Amino acid sequence: MATQHSQPADRLTMAPPAPEPASQPAAADHQSGTKHARTAARLMMAPAVILLLGWMLVPLTMTLYFSFKKFLPLRGGDLGWVGFDNYVRFVSSSAFWPSVQATLVIVGGVLAITVVLGVLLAILLNQPMWGRGVVRILVIAPFFVMPTVSALVWKNMFMDPVNGLLAHVWRAFGAEPLVWLTEASTQSIILIVSWQWLPFATLILLTAIQSLDSEQLEAAEMDGAPPVKRFAYITLPHLSRAITVVVLIQTIFLLSIFAEIFVTTQGAFGTKTLTYLIFQRVLESQNIGLGSAGGVYAIILANIVAIFLMRIVGKNLDA
Amino acid sequence: MARAITSQRKALNTALAWGVGLLIFFPILWTILTSFKTEAQAISDPPVFLFFDWTLENYSVVQERSDYGRFLWNSIIIAGGSTILGIIIAVPAAWSMAFVPSKRTKDILLWMLSTKMLPAVGVLYPIYLLFIKLGLLDTKIGLVIVLMLINLPIIVWMLYTYFKEIPGEILEAARMDGATLREEVLYILTPMAIPGIASTLLLNVILAWNEAFWTLNLTAAKAAPLTAFIASYSSPEGLFYAKLSAASTMAIAPILILGWFSQKQLVSGLTFGAVK
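Same order as they appear, the protein sequences are chains C and P.
For what it's worth, the numbering used here labels the leading residue of the first sequence as 96, then goes sequentially.
For what it's worth, the numbering used here labels the leading residue of the second sequence as 143, then goes sequentially.
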């Protein structure tokens, strides 16, 4: 929960308000493309465009501004411009590379688990069975559980080394229960987050698999192609686009997972991701300049992923 | 013979799928069950599954001790308010993009989507600072605005996709028959658009309800919604599994129900139409 600090922020200059959008649509003529309709269309679009432009530009400008300053609200306030000092210091701090590693391991681990299990589950759910609708509901459910609930339920009722259900299971097999969140902290976070995102991957892959032409599969079966080959040469290529979309969208969300770490390890035991590191720099140690430089790195990273996603979405828009 | 094999396979699929489905659902089921146990039963060794003395005590304790109702109310206002505000702003925009498209429409849509990709932590301090300056920290209206803005791209996209499917010929036919613009909007477009608006509403209430970065960082005591309320259980005292379960069950139940209704729209809504 937010700690409220009193801010000696009187010396701060606010970023300028967002300028009028320059990118109003130069409406092409369509069947309804009278001048009147075009003006009306622009007016109807204006609130959404202006708001989003402001939402993007104002904080972004401020983050950029702070990233070039030594700014410690609780220890002297604005201590002047420092050039790229914060950018260099953020990268050379001892916490940086471990946080990159933690981020990569967690994002990569969750992606691998959700995509592989998602494909298998989608294939399974696509088979003829009784009560498919109910099974679908059971599988989707974790996606609707709020992150703080799933993190706390897993932390206490499953991963607790004394009373957790997993500890009971371990003991039932005569093994010493694991202290999950300290001994296997990264794996625990991956498990929790995978549980939350597996439904998303499954649902999208299932939707994609349902559009697969079953005649193609039947023809291959007639020709004697074994299941493994049918999967590798027909199903998987058909799913490749959906898998790409799942990977890209999940990456964007996974890069910024927060609550799952906030209520479990608080970034301890090697689970301090880039997002969590920036959060600590900004709100816990109130080193705004350093945190802002980190924020700019995070924005650049997310944009690299976003470019690929936008390309796919954009292509689909033309079709 | 072929029939027998098929139904055998079907039985096998059914057993396997139900097994996996129940395994995935189990944490939720276990939480719901635990919420009806006493604290002692909640940690009994071996764990009890169904045969315990069912009690509703935890639910009343949670409400009494922590004023659960207030957090629930905050969640409802924040999730509902941000969604409704977002729809009011997005409907005209999506409408004009779908019915009066221009060369720039695609660029604007993609640009809107790109604002959704902005990592929240990158703009945490500016927003925090603006909230302090504007007196919005720990207020419901502040969160309504922020959650509206982060979900606005999704709302515009979903509505655009739905409006796009309304055939233009119907409008032309109505115009031929002498319908005025007002009649056109009121009697033809609106009824056709309502299902799309409804599912957009549903999905965005879910997203806003579960949002757990801004709700945790921009609230303290007054405006905290359920996400923050549950997070306050992370440093527990004494026995609390049953109470945590009761609080969790109450926090997720409404969304689980809404979510099951919206599962069809989920895919196209969350992939921005890239997977249909």
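Cβ atoms here follow ideal geometry from the backbone N, Cα and C, with glycine treated the same way.
Note that this is a predicted model, so its numbers are computed, not measured.
Exercise. Tell me, which residues are paired with GLY172 of chain C by DSSP?
Worked result: Residue pairing of GLY172 of chain C in beta bridges, as defined by DSSP: C:LEU167.
For this session: Starting from TYR375 of chain P, trace the alpha helix (DSSP H) both ways and give me its first and last residue.
Result: For TYR375 of chain P, there is no enclosing alpha helix (DSSP H), as DSSP gives it neither H nor E.
For this session: Would you please verify whether the beta carbon of PRO154 of chain C is less than 8 Å from any beta carbon of chain P?
Result: Cβ-Cβ to chain P under 8 Å: yes for PRO154 of chain C.
Problem set entry | Among P:LEU291, P:TYR267, P:TYR270, P:THR247, nearest to LEU227 of chain P - alpha-carbon criterion | Measuring from the Cα of LEU227 of chain P, the nearest candidate turns out to be P:LEU291.
Problem set entry | Proximal residues, the region 322-356 of chain C versus chain P, C-beta separation under 7 Å | Using a CB distance below 7 Å, the part of the region 322-356 of chain C facing chain P consists of ALA337, VAL340, ILE344, ILE347, LEU350, SER351, PHE353, ALA354, ordered along the chain.
For this session: Indicate whether SER245 of chain C and THR360 of chain C have their beta-carbon atoms separated by less than 8 Å.
Result: It is not a contact, given that the beta carbons lie outside the stated cut-off.
Problem set entry | alpha helix (DSSP H) segment containing ILE284 of chain C, residue limits | Taken as a continuous stretch (DSSP letters only), the alpha helix (DSSP H) holding ILE284 of chain C covers 280-305.
Exercise. Of the residues that make up the region 382-405 of chain P, which ones have a beta carbon closer than 7 Å to any beta carbon in chain C?
Worked result: Correct list: TYR383, LEU386, SER390, ALA393, ILE394, ILE397, LEU398, GLY401, TRP402, GLN405.
Exercise. What residues in its chain sit with their C-beta under 7 Å from that of LEU343 of chain P, if we drop five residues either side in the sequence?
Worked result: Contacts found: THR225, ILE229.
Exercise. So, PHE414 of chain P versus VAL342 of chain C, is the Cβ gap smaller than 8 Å?
Worked result: The Cβ atoms of PHE414 of chain P and VAL342 of chain C do not sit closer than 8 Å to each other.
For this session: Within 10 angstroms of the Cβ of GLU379 of chain C, are there 16 or more other Cβ atoms? Answer buried if so, exposed if not.
Result: Note on GLU379 of chain C: under 16 other CB atoms within 10 angstroms of its CB, so exposed under the neighbour-count rule.
Problem set entry | CB contact flag (VAL417 of chain P, ALA401 of chain C, <8 Å) | For the pair VAL417 of chain P and ALA401 of chain C, the CB atoms are not nearer than the 8 Å cut-off.
Problem set entry | Per-residue DSSP class, three states only, for SER202 of chain P | Three-state result, SER202 of chain P: helix.
For this session: Compare the C-beta of ASP187 of chain P against all C-beta atoms of chain C and say whether one is closer than 8 Å.
Result: With a threshold of 8 Å between beta carbons, ASP187 of chain P makes contact with chain C.
Exercise. VAL417 of chain P touches chain C at which residues, Cβ-Cβ below 7 Å?
Worked result: Residues of chain C with a Cβ closer than 7 Å to the Cβ of VAL417 of chain P are, in chain order, ILE299, THR302, ALA303, ALA337, VAL340.
Exercise. At a CB-CB cut-off below 8 Å, which residues of chain C make contact with THR257 of chain P?
Worked result: For a Cβ distance threshold of 8 Å, residue set LEU147, TRP150, MET151 of chain C lies close to THR257 of chain P, ordered along the chain.
For this session: Determine the burial state of PRO309 of chain P: buried for a count of at least 16 other Cβ atoms within 10 Å of its Cβ, exposed for fewer.
Result: Around the beta carbon of PRO309 of chain P, fewer than 16 other beta carbons sit within 10 angstroms, so the residue counts as exposed.
For this session: Note down, one range per segment and in chain order, each alpha helix (DSSP H) of at least 4 residues found wholly within the region 153-226 of chain P.
Result: As far as the region 153-226 of chain P is concerned, its whole alpha helix (DSSP H) runs of at least 4 residues are 181-184, 199-208.
Exercise. For LYS245 of chain P, is the classification buried or exposed, using 16 other Cβ atoms within 10 angstroms of its Cβ as the cut-off for buried?
Worked result: Classification for LYS245 of chain P: exposed.
For this session: With a 10 Å radius around its C-beta and 16 neighbouring C-beta atoms as the bar for buried, classify ALA303 of chain C as buried or exposed.
Result: Looking at its Cβ environment, which holds 16 or more other Cβ atoms inside 10 Å, ALA303 of chain C is buried.
For this session: Give the secondary structure of VAL274 of chain C by DSSP, where H, G and I count as helix, E and B as strand, and everything else as coil.
Result: Coil, per DSSP.
For this session: Could you name each continuous alpha helix (DSSP H) segment of 4 residues or more that falls completely within the region 216-244 of chain C, going from the start of the chain to the end?
Result: If one requires a minimum length of 4 residues, the alpha helix (DSSP H) runs lying completely within the region 216-244 of chain C are 227-235, in chain order.
For this session: Specify, as a first and last residue, the run of the alpha helix (DSSP H) that LEU350 of chain C falls within.
Result: Run containing LEU350 of chain C: 331-350, per the alpha helix (DSSP H) assignment.
For this session: Provide the residue span of the alpha helix (DSSP H) that contains GLY338 of chain P, from first to last.
Result: For GLY338 of chain P, the enclosing alpha helix (DSSP H) begins and ends at 332-352.
For this session: In angstroms with no decimal places, state the Cα-to-Cα distance between ASN398 of chain C and GLY390 of chain C.
Result: Between ASN398 of chain C and GLY390 of chain C, the C-alpha separation is close to 12 Å.
Problem set entry | DSSP state of PHE161 of chain C mapped onto helix, strand, coil | In this structure, DSSP gives PHE161 of chain C a helical state, which the three-state scheme calls helix.
For this session: Measure the alpha-carbon distance for ARG231 of chain C versus TYR160 of chain C and round it to whole angstroms.
Result: Separation of ARG231 of chain C and TYR160 of chain C (C-alpha to C-alpha, rounded to the nearest whole angstrom) is 48 Å.
Exercise. Can you check whether the CB of PHE295 of chain C is closer than 8 Å to the CB of ILE348 of chain P?
Worked result: Taking 8 Å as the Cβ cut-off, ILE348 of chain P and PHE295 of chain C do not qualify as a contacting pair.
Problem set entry | Proximal residues, the region 205-228 of chain C versus chain P, C-beta separation under 8 Å | Among the residues of the region 205-228 of chain C, those with a Cβ less than 8 Å away from any Cβ of chain P are LEU216, LEU219, LEU220, GLN222, PRO223, MET224, TRP225, GLY226, ARG227, in the order of the chain.
For this session: Scan the region 307-334 of chain P for residues whose Cβ lies nearer than 7 Å to a Cβ of chain C and list them as they occur along the chain.
Result: Cβ contacts with chain C: none found.
Exercise. Hey, is the region 254-265 of chain P in contact with the region 285-304 of chain P, meaning 3+ C-beta pairs nearer than 8 Å?
Worked result: Segments in contact, yes.
For this session: Report yes or no: do the region 276-288 of chain P and the region 154-173 of chain P share at least 3 C-beta pairs separated by less than 8 Å?
Result: Taking a cut-off of 8 Å for Cβ pairs, the region 276-288 of chain P and the region 154-173 of chain P do not touch, as fewer than three such pairs fall below it.
Exercise. ASN181 of chain C CB to nearest chain A CB: under 8 Å?
Worked result: Going by chain labels, chain A is absent from the structure shown, which instead holds the protein chains C and P.
For this session: Work out the CA separation of THR277 of chain C and ILE395 of chain C for me, nearest whole Å.
Result: Spanning the alpha carbons of ILE395 of chain C and THR277 of chain C requires a straight line of approximately 31 Å.
Exercise. For GLY171 of chain C, which of C:GLN381, C:PRO142, C:SER387 has the nearest alpha-carbon?
Worked result: Minimum Cα-Cα distance from GLY171 of chain C among the listed residues C:GLN381, C:PRO142, C:SER387 corresponds to C:GLN381.
Problem set entry | Contacting positions in the region 196-224 of chain P - beta carbon closer than 8 Å to chain C | Flagged: no residues at all.
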